[in-house]
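K.L.:
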Amino acid sequence: MSFSQIVGHQQQLEIVRRALNHGRLHHAYLFVGMEGVGKKTIALGLAKAIHCSAAAGDFCGECADCARIQDGNHADVRIIEPLAGKKEISIQQIRELEKELNFRSFSGKKKIAILDPATLMNLSAQNALLKTLEEPPRDSLLILIAANGGALLPTLRSRCLRISFGSLARDLISGFLVSRKGLAAETAEFLAAMSLGSLGAVVSIDTQELLERRREWVRLISGLRAGDYRAATDAAEVLADSKDDSLRFLEWIESWFRDLLVYSVTQNQQAVVNVDMLPQIQQQSATADCERLFSRIAEAKAAVGGIQRNLNRRMVIEDLLLNTVEAS
Ligand SMILES: [Zn+2]
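Its first residue numbered 385, the sequence shown is counted upward by one per residue in our numbering.
1. What are the boundary residues of the beta strand (DSSP E) that residue 490 is part of?
2. Going along the chain, which residues of its own chain have a beta-carbon closer than 8 Å to the beta-carbon of residue 567, five neighbours each way excluded?
3. Terminal residues of the continuous alpha helix (DSSP H) containing residue 438?
4. Helix, strand or coil for residue 463, going by three-state DSSP, please let me know.
5. Check for me: the beta strand (DSSP E) holding residue 546 runs from which residue to which?
6. Distance, Cα to Cα, residue 624 vs residue 588?
7. Determine contact between the region 517 to 536 and the region 416 to 423, defined as no fewer than three beta-carbon pairs at a distance below 8 Å.
8. Candidates 659, 539, 464 and 458: which alpha carbon is nearest residue 570's?
9. Check whether the region 634 to 648 and the region 667 to 683 are in contact - that is, three or more C-beta pairs closer than 8 Å.
10. Is residue 437 near ligand 1, in the sense that its beta carbon is under 7 Å from a heavy atom of that ligand?
11. By alpha-carbon positions, which one of 437, 435 and 441 ends up nearest to residue 399?
12. I need the boundaries of the beta strand (DSSP E) containing residue 512, first residue and last residue.
13. Per the contact definition of three or more C-beta pairs closer than 8 Å, is the region 663 to 672 in contact with the region 593 to 601?
14. Select from 684, 648, 655 and 691 the residue whose C-alpha is nearest the C-alpha of residue 671.
15. State the DSSP-derived secondary structure class of residue 497, mapped to helix, strand or coil.
16. Taking C-beta to C-beta, are residue 432 and residue 450 nearer than 8 Å?
17. Less than 8 Å separating the beta-carbons of residue 463 and residue 505?
18. Can you have a look at residue 675 and say buried or exposed, based on whether 16 or more other CB atoms are within 10 angstroms of its CB?
19. Would you kindly work out how many angstroms separate the C-alpha atoms of residue 612 and residue 709, rounded to a whole number?
20. Just list the alpha helix (DSSP H) runs in the region 654 to 707, keeping only unbroken ones of 4 residues or longer that don't cross its boundaries, in chain order.
21. Using beta-carbon positions only, say whether residue 497 and residue 481 come within less than 8 Å of one another.
22. Hey, would you say the C-beta of residue 445 is under 7 Å away from at least one heavy atom of ligand 1?
23. Quick one: grab the DSSP three-state call for residue 388.
24. In three-state terms, what does DSSP make of residue 530?
25. In the DSSP output, which residue or residues are listed as bridge partners for residue 524?
26. Based on Cα-Cα distance, which residue from 614, 435, 547 and 405 lies nearest to residue 706?
27. Output the distance between the C-alpha atoms of residue 396 and residue 541, rounded to the nearest integer angstrom.
28. Just to check, is the beta-carbon of residue 449 closer than 7 Å to a non-hydrogen atom of ligand 1?
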């Protein structure tokens with residue numbers, strides 16, 4: 385792998401690479417952006433490019449230095465995250481880090497620390513890190529990774545050069561899935577849409593399982609007839625089995641209702657998320673009522689919030705499905 389194989393974020397990469405090539409890297413960066421868009425990949429890429437023994441201004445991904453950085457075993461590159469079984473990055477970890485950053489580099493190159501996610505530092509850890517940032521050790525580079533910089537002390541943020549990472553465009557993700565994961569275009573398109581702009585979300589999904597489950601969901605939803613409250617109740621019981629599954633189902637059904645709405649208004653298949661289910665979408669959208677679909681989309685969103693707040697899953701899903709089968 386090299387910089388050119390990183391998906392998206394061309395502007396951000398340009399900033400980092402130019403600084404690297406001109407020897408003008410800042411001593412601390414704050415990489416901000418939603419989960420799974422590639423912040424850590426780019427942070428590791430930068431660390432590799434600094435230490436890679438095979439490529440100049442870039443990284444090969446294969447030399448001993450690159451491999452050690454990837455595995456978290458490089459003497460000059462530390463990845464700081466909560467210790468096993470802990471929820472926070474502690475002040476102790478930051479104090480140890482500061483000590484290490486003050487040692488001479490083993491390789492004669494930069495000593496690097498990647499804090500991921502930096503937002504898990506508790507207040508005392510953040511204050512300790514602030515001291516390090518106020519007097520950065522020579523040839524050190526800190527990269528703080530955060531989904532939302534707001535959880536960090538303003539004084540800490542102000543000492544870092546902030547680089548923001550947006551969500552990835554759908555075609556970038558589907559292109560990645562086709563060219564590097566060998567997925568069929570339709571599957572890639574669906575997963576890209578389900579990813580909501582996060583490559584990390586897609587990579588961690590078991591594709592086959594999700595597609596199989598989605599087929600079940602479509603069967604189930606398509607099979608619900610107006611007035612069949614019993615079927616809706618039974619379905620809710622199955623769908624509420626686990627929290628993750630419930631959330632995934634609700635995220636999917638929101639995309640399904642939206643597809644029906646968008647297709648019934650525009651007849652544009654490009655705008656549809658569940659593109660490989662187009663025949664079902666065409667059929668169901670023909671008789672769809674836009675007002676009702678708007679309500680269902682809002683309810684699905686609210687249901688996600690309810691389940692995240694640990695409301696009774698079966699009741700939340702049941703409400704949504706009962707509204708779906710309610711005779712108009
Ligand atoms: Zn290398």
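C-beta: ideal position from N, C-alpha, C; glycine also.
P.N.:
By the coordinates alone:
1. Residue mapping note: residue 490 aligns to position 106 of the sequence shown, counting from 1. Where residue 490 is concerned, there is no enclosing beta strand (DSSP E), given that its DSSP letter is neither H nor E.
2. Indexing the sequence shown from 1 puts residue 567 at position 183. These residues qualify, in order along the chain: 561, 575 and 591.
3. For the purposes of this step, residue 438 is identified with residue 54 of the sequence shown, where counting begins at 1. Looking at the DSSP string, residue 438 is not in any alpha helix (DSSP H), and its letter there is neither H nor E.
4. By 1-based counting over the sequence shown, the position of residue 463 is 79. Strand.
5. As a position in the sequence shown, residue 546 is number 162, starting the count at 1. Residues 545 to 548.
6. Residue mapping note: residue 624 aligns to position 240 of the sequence shown, counting from 1. Residue mapping note: residue 588 aligns to position 204 of the sequence shown, counting from 1. Taking the straight line joining both Cα atoms gives about 22 Å.
7. yes
8. One-based indexing of the sequence shown puts residue 570 at position 186. Of the listed residues, the one whose Cα sits closest to residue 570 is 659.
9. yes
10. Numbered from its first residue, the sequence shown carries residue 437 at position 53. Checking every heavy atom of ligand 1 against the Cβ of residue 437, one is found closer than 7 Å.
11. Translated into positions along the sequence shown, residue 399 becomes position 15. Of the listed residues, the one whose Cα sits closest to residue 399 is 441.
12. Taking the sequence shown and counting its residues from 1, one reaches residue 512 at position 128. Element bounds for residue 512: not the beta strand (DSSP E) but the alpha helix (DSSP H), 507 to 518.
13. no
14. In the sequence shown, counting from the first residue as 1, residue 671 sits at position 287. Measuring from the Cα of residue 671, the nearest candidate turns out to be 648.
15. Your numbering for residue 497 matches position 113 in the sequence shown. Looking at residue 497 - three-state DSSP - the assignment turns out to be strand.
16. Residue numbering aside, residue 432 sits at position 48 when the sequence shown is read from its first letter. Residue numbering aside, residue 450 sits at position 66 when the sequence shown is read from its first letter. Yes, they are a contact pair.
17. Locating residue 463 in the sequence shown gives position 79, where the first residue counts as 1. Locating residue 505 in the sequence shown gives position 121, where the first residue counts as 1. Contact annotation: residue 463 and residue 505 have beta-carbon atoms that are not nearer than 8 Å.
18. For the purposes of this step, residue 675 is identified with residue 291 of the sequence shown, where counting begins at 1. So residue 675 ends up on the exposed side.
19. On the sequence shown, position 228 is the one that residue 612 refers to. On the sequence shown, position 325 is the one that residue 709 refers to. The straight-line gap from Cα to Cα measures roughly 6 Å.
20. Complete alpha helix (DSSP H) runs here, min 4: 662 to 670 and 674 to 692.
21. Counted from its first residue, the sequence shown places residue 497 at position 113. Counted from its first residue, the sequence shown places residue 481 at position 97. Yes, the Cβ-Cβ distance between residue 497 and residue 481 is below 8 Å.
22. As a first step, residue 445 is located in the sequence shown; it is residue number 61 there, counting from the start. Correct: residue 445 has its Cβ closer than 7 Å to ligand 1.
23. For this step, residue 388 is matched to residue 4 along the sequence shown. Helix.
24. Numbered from its first residue, the sequence shown carries residue 530 at position 146. Strand, per DSSP.
25. As a position in the sequence shown, residue 524 is number 140, starting the count at 1. Answer by DSSP bridge pairing, in chain order: 495.
26. As a position in the sequence shown, residue 706 is number 322, starting the count at 1. When only C-alpha atoms are compared, the closest one is 614.
27. Position 12 of the sequence shown holds residue 396. Position 157 of the sequence shown holds residue 541. Roughly 18 Å between the two C-alpha positions.
28. If you number the sequence shown from 1, residue 449 lands on position 65. Checking the Cβ of residue 449 against ligand 1 gives yes.
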